[in-house]
Amino acid sequence: MGRLQTHRAARLNPLVVLGATGSIGEQTLDVAHRLGIPIAAVAAARGSEALHAIASQHSEAVVAVASPTPTERARFSKSFGTRVAFGADAVADLARRAGHTIVNGIVGAAGLPSSLAALEAGNRLALANKESLVAAGPVMKAAQVRGGGELIPVDSEHSAIWQCLVGERIGDVSKLILTASGGPFRGRTLQDLEQVTVAEALDHPTWSMGPRITIDSATLMNKAFEVIEAHMLFDLSYDDIDVVVHPQSIVHSLVEFRDGSIKAELGSADMRGPIQYAITYPDRHRFAEAPFDLTAAPLEFLEPDRSTFRCLDLGYAAGRAGGSAPAVLNAADEVAVHAFLQGQIGFTSIARVVERTLDRCGSVPIESLEDVLAADSQARGVAREALGVSC
Ligand code: MG
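To convert, count from 1 in the sequence shown and add 694; that's this note's numbering.
Rendered as structure tokens:
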């Protein structure tokens, strides 16, 4: 009586950090440093100064650079000798290292082969690459069945749902409720949105993230992707996945059960929380940041404005269509967001480009990574044509 239960946490696997120079990668390196977890390997798209610094700091880590320039290749070879490898295959090979936890923070479709490789090799995959589940959900599931890998979401909403489901049966769930901050343009009209600038769209009120996901948060496309991810992760029908706007980003998501009880996960808007949980699950380790003050802010929950932020319903439609449609959604959005960031199209044209591309590409069955990449590539071509007529 009166004695606290103690347990010894399982030893944590060394980490392979893919997309090491991005927002998720940097925060993962910070979490690893705080928990004392060794970094076994790091990878990034380019041989940047940032990757060079990370590789120099982690002198035991293997390094992969997906697409270096000739200068970068020469510099990295000179600095790191045999511990550096080049090419997209070298990155996916890192995900196959037995007994490692793979944190996939690669942005875009380039992250797919690594996710599949991690699951096929039976590794734990701490997944922050949205495209893996959005564009290639059925292929990911098949890879997990084949290889026995463990898929733990890093996205804050899915981490929240995962945490709410610990000790529960999925059959008892009546609804998943994803929270959305609403982004910087919550409350604006469609007419207001015609005029917004790139800088305004990049100024996210609560979360600090990379540029594409920040724009996707402003259009609510990010939430559309998360609805599809939730469908793939938790096997609930689209009718049972809801979105609610919660401007404070304190409630990270909720689960409603068939008895009417609702569980929520709350915390500060700090991605290092979900990253750490995905690495340490089922254990919890001390989180070094000060906890948020529960009394500091009211908690508001609002209906999303679906007619102004049309990307949300485009996402539901693509998810329900299934097959290649979510891959098309993702590819079209990537093209449209890139064009917006380059100043080629206006903010509201993002939804127009995506809708036009979905209409023209339709949906075909997806059975392999090749099918996904073919749908992705076709959609990019169609979306680029749509740029010209949508701006
Ligand atoms: Mg999220």
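Note that CB positions come from ideal geometry on N, CA and C, so glycine has one too.
Pair within 8 Å by beta-carbon distance, Gln838 and Leu813 | In this structure, Leu813 lies closer than 8 Å to Gln838 by Cβ.
Through-space distance from Asp977 to Gly799, alpha-carbon basis | C-alpha separation (whole angstroms): 22 Å.
Does the Cβ of Asp783 lie closer than 7 Å to at least one heavy atom of the ligand GTP?
-> Annotation note on the ligand GTP: not contained in the displayed structure, which lists the ligand MG as its ligands.
What is the DSSP secondary structure of His979, counted as helix, strand or coil?
-> In the structure shown, His979 sits in coil (DSSP, three-state: anything other than H, G, I, E or B).
Look up His946 in the DSSP assignment and say whether it is helix, strand or coil.
-> Assignment of His946 by DSSP, reduced to helix, strand and coil, places it in the strand class.
Where the beta carbon is closer than 6 Å to any heavy atom of the ligand MG, which residues qualify, in chain order?
-> Cβ atoms closer than 6 Å to the ligand MG belong to Asp849, Ser850, Glu851 and Glu920.
To the nearest angstrom, how far is it from the Cα of Glu754 to the Cα of Ile733?
-> Straight-line Cα distance between these residues: approximately 8 Å.
Please go through the same chain and pick out, in chain order, the residues whose beta-carbon is closer than 6 Å to the beta-carbon of Leu706, but skip the five residues on each side of it.
-> Its chain contains Ile731 as the residues whose beta carbon lies nearer than 6 Å to that of Leu706, once the 5 sequence neighbours on both sides are disregarded; these appear in chain order.
The segment 799–809 / the segment 708–725 touching (three or more Cβ pairs under 8 Å) | Taking a cut-off of 8 Å for Cβ pairs, the segment 799–809 and the segment 708–725 touch, as three or more such pairs fall below it.
Mapping DSSP to helix, strand and coil, what is Arg818?
-> Shown here, Arg818 sits in a strand according to DSSP, grouped into three states.
Do the segment 996–1010 and the segment 1042–1050 touch if we need at least three Cβ pairs shorter than 8 Å?
-> Touching, per the Cβ criterion.
So Pro968 is in the alpha helix (DSSP H); what residue range does that whole segment cover?
-> Its alpha helix (DSSP H) spans residues Arg966 to Thr974.
Cβ-Cβ separation, Phe919 to Gly1009 (assumed contact under 8 Å), whole Å | Going by Cβ atoms, the distance from Gly1009 to Phe919 rounds to 6 Å, so yes, they are a contact pair.
May I have the straight-line CA-CA distance separating Leu872 from Val938, to the nearest angstrom?
-> Their Cα atoms are separated by approximately 6 Å.
Beta-carbon proximity of Asp987 to Met915, cut-off 8 Å | Not a contact, by the Cβ cut-off of 8 Å.
Residues sharing a beta bridge with Ile796, DSSP = Beta-bridge analysis with DSSP links Ile796 to Val710 and Leu819.
With a CB to CB cut of under 6 Å and the five nearest residues on each side skipped, what residues in its chain are close to Met926?
-> Cβ within range, chain order: Leu827 and Gly831.
Which residues share a DSSP beta bridge with Phe951?
-> Within the DSSP secondary-structure output, Phe951 pairs in a beta bridge with Val867.
Output the distance between the C-alpha atoms of Asp758 and Thr989, rounded to the nearest integer angstrom.
-> It is worth fixing the name first, because residue 758 is Ala in this sequence and not Asp. Whole-angstrom Cα-Cα distance: 45 Å.
Under the three-state DSSP convention, the category Phe1034 falls into = The DSSP-derived three-state label of Phe1034 is helix.
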